[in-house]
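The structure appears right after this line, and notes come after that.
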Amino acid sequence: MSTRPLAWVLNLDAENELEAGPGYTPARHIQRIVARERKHLFGTLVAPGDVVVEAGSTGGEESARARGLPGLAWSPTPRARALLARAGAIPVAGPTLETLRTVNGRPFALEVRATLREDGFDKHLARNLEQALALLAQPAREGWLVRRTFGAAGRGRRRIASGRPSSTELAWLVKGLRKGALIIEPWVTITQEFTRSGWVARDGHVSSAAPCFQATTREGAWRRTECAERGAITRAEDARLEGAFFAAGRALAGAGYFGPFGIDSFRHRCGGPGSAELLNPLGEINPRFTMDWVAGMSADQGRKAIRAWWDPSGRYDSGGAVRA
Numbered sequence: 006m007s008t009r010p011l012a013w014v015l016n017l018d019a020e021n022e023l024e025a026g027p028g029y030t031p032a033r034h035i036q037r038i039v040a041r042e043r044k045h046l047f048g049t050l051v052a053p054g055d056v057v058v059e060a061g062s063t064g065g066e067e068s069a070r071a072r073g074l075p076g077l078a079w080s081p082t083p084r085a086r087a088l089l090a091r092a093g094a095i096p097v098a099g100p101t102l103e104t105l106r107t108v109n110g111r112p113f114a115l116e117v118r119a120t121l122r123e124d125g126f127d128k129h130l131a132r133n134l135e136q137a138l139a140l141l142a143q144p145a146r147e148g149w150l151v152r153r154t155f156g157a158a159g160r161g162r163r164r165i166a167s168g169r170p171s172s173t174e175l176a177w178l179v180k181g182l183r184k185g186a187l188i189i190e191p192w193v194t195i196t197q198e199f200t201r202s203g204w205v206a207r208d209g210h211v212s213s214a215a216p217c218f219q220a221t222t223r224e225g226a227w228r229r230t231e232c233a234e235r236g237a238i239t240r241a242e243d244a245r246l247e248g249a250f251f252a253a254g255r256a257l258a259g260a261g262y263f264g265p266f267g268i269d270s271f272r273h274r275c276g277g278p279g280s281a282e283l284l285n286p287l288g289e290i291n292p293r294f295t296m297d298w299v300a301g302m303s304a305d306q307g308r309k310a311i312r313a314w315w316d317p318s319g320r321y322d323s324g325g326a327v328r329a
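For the sequence shown, the positions run 6 to 329 when my numbering is used.
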């Protein structure tokens, strides 16, 4: 992605850290998930010659290789930036923690989605248990999808049948509400998933890649991404997907975010087999690198975006000042 080697922290558990706050240490099962999924990033986001900084690397060859390199992260959380600095890399400029928490929270995407037309179905915000139970009691053909404020790759979400939640479901709702609001939406049958990647520059300029097709597991974890061929998406759909993407980018810039991002969208059926398909132009906003960011951005686009942290002489921005 860049002619100069980079030091990386692949903190695919960033949302967990943003939810937990200071002192976060990933649980073992989260460490296993991160170790498994980050393998997809080698040779794509992480280029040959780049250095991946591990949580336990405080010396030795790895730290020596990272020393003095520009330091990037999947998401520039405080823990990721501290790991880079400890390894001797120089973390590049990033948004504040407050901004990261705001834009990564699912209520932020809900606010952006509310500005779009023809959403296909309603999403609801529940800030307390009473609101959540009232929503879940309403009829829903295939039940409800409940998402916590923070979550990614299928984590922080649960399908709950319409009616009164079970004791296990109730405990899950209560635990989630301790960390933030819940997003509640009808469970729908997804027929095609889309993703679009891009970049928010520090001056607020938003750049976009072409739309891609995405495949995820039933639980919402990423499986693969393929660039959409010309004509594979109708003009009307492309216009709505593009509109949602730039609405998300402008909202991110307005909140003080800059860096990589992507959105997830999908076609779905709102009834049984044979029912009409509708487009949900904005499902999630992902203010970070994504598994498909390189697939969506051309090599040239990606290189220019990442190198935007550097000036023409090869020096780079580490927080307002150009570092030698």
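Even for Gly, the Cβ is constructed at its ideal location relative to N, Cα and C.
Helix, strand or coil for residue 246 per DSSP?
-> Numbered from its first residue, the sequence shown carries residue 246 at position 241. Residue 246: helix per DSSP, three-state reduction.
Minimum C-alpha distance to residue 8 - residue among 55, 26, 37, 291 = Taking the first residue of the sequence shown as 1, we reach residue 8 at position 3. That would be 55, whose Cα lies nearest to the Cα of residue 8.
Can you give me the Cβ contacts of residue 104 inside the same chain, cut-off strictly under 7 Å, excluding the 5 residues immediately before and after it?
-> Translated into positions along the sequence shown, residue 104 becomes position 99. The beta carbon of residue 104 sits closer than 7 Å to the beta carbons of 260, 261, 262 from its chain, once the five residues preceding and following it are set aside; these are given in chain order.
Classify residue 172 as helix, strand or coil using the three-state DSSP reduction.
-> Within the sequence shown, the letter at position 167 stands for residue 172. Here DSSP, grouped into helix, strand and coil, assigns residue 172 to helix.
What whole-angstrom Cβ distance do residue 114 and residue 289 have, given they're in contact under 8 Å?
-> Reading the sequence shown from its first residue, position 109 is the one you call residue 114. Reading the sequence shown from its first residue, position 284 is the one you call residue 289. By a beta-carbon distance limit of 8 Å, residue 114 contacts residue 289. Their separation comes to about 6 Å.
Are residue 298 and residue 267 closer than 8 Å when you measure CB to CB?
-> Here residue 298 refers to the residue found at position 293 of the sequence shown. Here residue 267 refers to the residue found at position 262 of the sequence shown. Taking 8 Å as the Cβ cut-off, residue 298 and residue 267 qualify as a contacting pair.
When burial is assigned at 16 or more other CB atoms within 10 Å of the CB, is residue 286 buried or exposed?
-> In the sequence shown, residue 286 corresponds to position 281, counting from 1. Per the 10 Å Cβ criterion, buried.
Check whether the stretch 200-213 touches the stretch 183-192, taking contact to mean three or more Cβ pairs, one atom from each stretch, closer than 8 Å.
-> no
Please name the residue in 242, 180, 251, 175 whose C-alpha comes closest to that of residue 212.
-> Stepping through the sequence shown from its first residue, residue 212 is reached at position 207. Closest option to residue 212, Cα to Cα, is 251.
So, do the stretch 86-96 and the stretch 31-38 have three or more beta carbon pairs nearer to each other than 8 Å?
-> no
Going by DSSP, which residues form a beta bridge with residue 199?
-> Your numbering for residue 199 matches position 194 in the sequence shown. 218, 270, per the DSSP bridge assignment.
Leaving out the 5 sequence neighbours to the left and right, which residues in its chain are closer than 8 Å to residue 334 when beta-carbon positions are compared?
-> What is shown of the chain runs 6 to 329, which leaves residue 334 out entirely.
Residue 210, buried or exposed, once every other Cβ within 10 Å from all chains shown has been counted against 16 = As a working mapping, residue 210 is identified with position 205 in the sequence shown. Exposed, by the Cβ-count rule.
Between the C-alpha atoms of residue 23 and residue 112, what's the straight-line distance to the nearest angstrom?
-> Translated into positions along the sequence shown, residue 23 becomes position 18. Translated into positions along the sequence shown, residue 112 becomes position 107. Straight-line Cα distance between these residues: approximately 14 Å.
Can you check DSSP and say which residues form a bridge with residue 204?
-> Numbered from its first residue, the sequence shown carries residue 204 at position 199. Answer is 212, 265, bridged to residue 204.
Out of 278, 48, 244, which has the shortest C-alpha to C-alpha gap to residue 121?
-> Taking the sequence shown and counting its residues from 1, the one referred to as residue 121 is at position 116. Closest option to residue 121, Cα to Cα, is 244.
Among 166, 270, 156, which residue has its Cα nearest to the Cα of residue 199?
-> Here the question's residue 199 lines up with position 194 in the sequence shown. Ranking 166, 270, 156 by Cα distance to residue 199 puts 270 first.
Given residue 70, which residues of its chain have a CB within under 7 Å of its CB, disregarding the five upstream and five downstream residues?
-> The sequence position of residue 70 within the sequence shown is 65, counting from 1. Taking C-beta separations shorter than 7 Å and ignoring five residues to either side along the sequence, the partners of residue 70 in its chain run 56, following chain order.
Could you check where the alpha helix (DSSP H) with residue 147 kicks off and where it finishes?
-> The count along the sequence shown starts at 1 and reaches residue 147 at position 142. Segment: none, residue 147 is in no alpha helix (DSSP H) and carries neither H nor E.
Return the first residue and the last residue of the alpha helix (DSSP H) that residue 38 is part of.
-> For the purposes of this step, residue 38 is identified with residue 33 of the sequence shown, where counting begins at 1. First-last of the alpha helix (DSSP H) with residue 38: 33-42.
Can the beta-carbon of residue 284 be found less than 8 Å from the beta-carbon of residue 275?
-> As a working mapping, residue 284 is identified with position 279 in the sequence shown. As a working mapping, residue 275 is identified with position 270 in the sequence shown. No; because the gap between Cβ atoms is not below 8 Å, this pair is not in contact.
Can you tell me which of 20, 50, 39, 41 puts its alpha carbon nearest to the alpha carbon of residue 294?
-> As a first step, residue 294 must be located in the sequence shown, where it is residue number 289. Nearest of 20, 50, 39, 41 to residue 294, Cα basis: 50.
Candidates 239, 74, 182, 170: which alpha carbon is nearest residue 13's?
-> Position 8 of the sequence shown, counting from 1, holds the residue named residue 13. Nearest of 239, 74, 182, 170 to residue 13, Cα basis: 74.
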